[in-house]
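Engineer: There's a structure below that I have some questions on.
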Amino acid sequence: GADSGAYMFGKLFGKHKLAPKVSPGKTWQGFIGGLATAAVISWGYGMWANLNVAPVILLICSVVAALASVLGDLTESMFKREAGIKDSGHLIPGHGGILDRIDSLTAAVPVFACLLLLVFRTL
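In our numbering, the protein residues as written are 108 to 230.
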């Protein structure tokens, strides 16, 4: 959700570059829109699902994971810039390589999993 929200908000409102030397397409407006999208989705899911966890806890976990996803994406972009390559591979034509598709997940999934383990351990 955060990636889609960031893309949509960035396309609609993006004016200020987030990290122009590393990933010139990313904007602060997209970043904030991605966090907001993650927050809305997690809040809605928390209200709908019967998880025995306060929706605000899911909201916090999702926003922290969304922050990690941006860091993962920027880190992979930085590695590509340093290596002088645009895409991490050519397996998916027009979409970069596999790492380009999952770069944000490589950081977000472990962070979200650890947060949920902490939350459910304390219940």
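Glycine residues also receive a C-beta, built at the ideal position from the N, C-alpha and C atoms.
If you drop the 5 nearest sequence neighbours on each side, which residues of the same chain put their C-beta closer than 8 Å to that of Thr182?
Structural biologist: Answer for Thr182: Asp210, Ala214, listed in chain order.
Engineer: My guess is that Asp110 and Ser176 are in contact by the Cβ rule of under 8 Å, so how many angstroms apart are they, rounded?
Structural biologist: Sure, about 7 Å apart at Cβ, within 8 Å.
Engineer: Count the CB pairs spanning the stretch 134-153 and the stretch 163-174 that are closer than 8 Å, and state whether there are at least three.
Structural biologist: Yes, the stretch 134-153 touches the stretch 163-174.
Engineer: Is it true that the CB of His197 sits closer than 8 Å to the CB of Gly191?
Structural biologist: In this structure, His197 does not lie closer than 8 Å to Gly191 by Cβ.
Engineer: Can you list, in chain order, the residues of its chain with a C-beta nearer than 6 Å to that of Asp180? Leave out the 5 residues immediately preceding and following it.
Structural biologist: Taken in chain order, the residues that qualify are Asp210, Ser211.
Engineer: In the DSSP output, which residue or residues are listed as bridge partners for Lys124?
Structural biologist: BP columns for Lys124 point to Thr134.
Engineer: Could you tell me if Thr229 is buried or exposed, where buried requires 16 or more neighbouring beta carbons within 10 angstroms of its beta carbon?
Structural biologist: Thr229 is exposed by the Cβ-count criterion.
Engineer: Less than 6 Å between C-beta atoms, sequence neighbours within five positions excluded: which residues of the same chain meet that for Gly112?
Structural biologist: Excluding sequence neighbours, Gly112 sits near Gly140, Gly141, Thr144.
Engineer: What does the Cβ neighbour count give for Phe227, buried or exposed, with the cut at 16 atoms within 10 Å?
Structural biologist: When all chains shown are included, Phe227 counts as exposed.
Engineer: Comparing alpha-carbon positions, which option in Val218, Val129, Asn157, Phe219 lies nearest Glu189?
Structural biologist: Among Val218, Val129, Asn157, Phe219, the Cα nearest to that of Glu189 is on Val129.
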